[in-house]
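Input: a single structure, listed below in structure tokens.
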Amino acid sequence: MSPRTARTVRGLIGTVADAVRSVVAPASLVEEQADVEPTAPDPAGLYEADEMPDTDAIAAAAREYERAADQARRADRGKRAAKKVLDRLPSGIYGSWKVFRTPSSRQTPDLAEITRIFKAHGLGQVPMKACAPSLKVVAVDEPAVPVAV
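Structure below.
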């Protein structure tokens, strides 16, 4: 069974399980889905009440954000599929394409080494901080009135 087929079968099994749960214990399904997308607190630097753009500008920005995010997801999928083939090629010229690798100038902390140093000096756990929350945009059926805090 290919990985794609396995994902499809797992997805169908999940859908069937959700359907059965919705009949047998609908409250458990709602509680489960309520935990899926937690909300993060609003960041600093938001619009003040007198600076708020009009609803049409917000709707246009949300539509553009959704369109661009969808394009980015499609591009990422295409890039990953092409990279599966290209990553396994040795450097060389293939038709009109040159495939090669260059060293990266980017660096990332070596968490295994940092953890080892913390343990060796009895410093406890390596301090971690949360990443910035992700912005999500979802179309709704009925427009709501913005809530002022």
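Residue 916 is where the sequence shown starts when you use our numbering, and the numbers rise one by one after that.
Every residue gets a Cβ at the ideal spot worked out from N, C-alpha and C, and that includes glycine.
Everything numeric in this text was worked out from a predicted model, so none of it was measured.
Requested in this report: Determine, using beta carbons only, whether V1014 and G1007 come nearer to each other than 9 Å.
Outcome: Here residue 1014 corresponds to residue number 99 of the sequence shown, with the count starting at 1. Here residue 1007 corresponds to residue number 92 of the sequence shown, with the count starting at 1. Yes, Cβ-Cβ distance for V1014 and G1007 is below 9 Å.
Query raised in the report: From T1023 to I1029, what distance separates their C-alpha atoms?
Result: Counted from its first residue, the sequence shown places residue 1023 at position 108. Counted from its first residue, the sequence shown places residue 1029 at position 114. Spanning the two alpha carbons is a distance of roughly 12 Å.
Query - Contained alpha helix (DSSP H) runs [length at least 4] in the segment 991-1064, N- to C-terminal order - result: 1026-1035
Query raised in the report: Straight-line CA distance for G960 to A977?
Result: Along the sequence shown, read from residue 1 onward, the residue named residue 960 stands at position 45. Along the sequence shown, read from residue 1 onward, the residue named residue 977 stands at position 62. In a straight line, the C-alpha of G960 is about 19 Å away from that of A977.
Query - A959 in three-state terms, based on DSSP - result: For the purposes of this step, residue 959 is taken as residue 44 along the sequence shown, with counting starting at 1. Note: A959 maps to coil in three-state DSSP.
Query raised in the report: How big is the Cα-Cα spacing for G929 and P953?
Result: Translated into the one-based positions of the sequence shown, residue 929 becomes position 14. Translated into the one-based positions of the sequence shown, residue 953 becomes position 38. For G929 and P953, the distance between alpha carbons rounds to 21 Å.
Query raised in the report: Once you ignore the five residues that flank P1048 on each side, which residues in its own chain have a CB closer than 7 Å to its CB?
Result: Residue numbering aside, residue 1048 sits at position 133 when the sequence shown is read from its first letter. Once the five neighbours on either side are set aside, the close Cβ partners of P1048 are A955.
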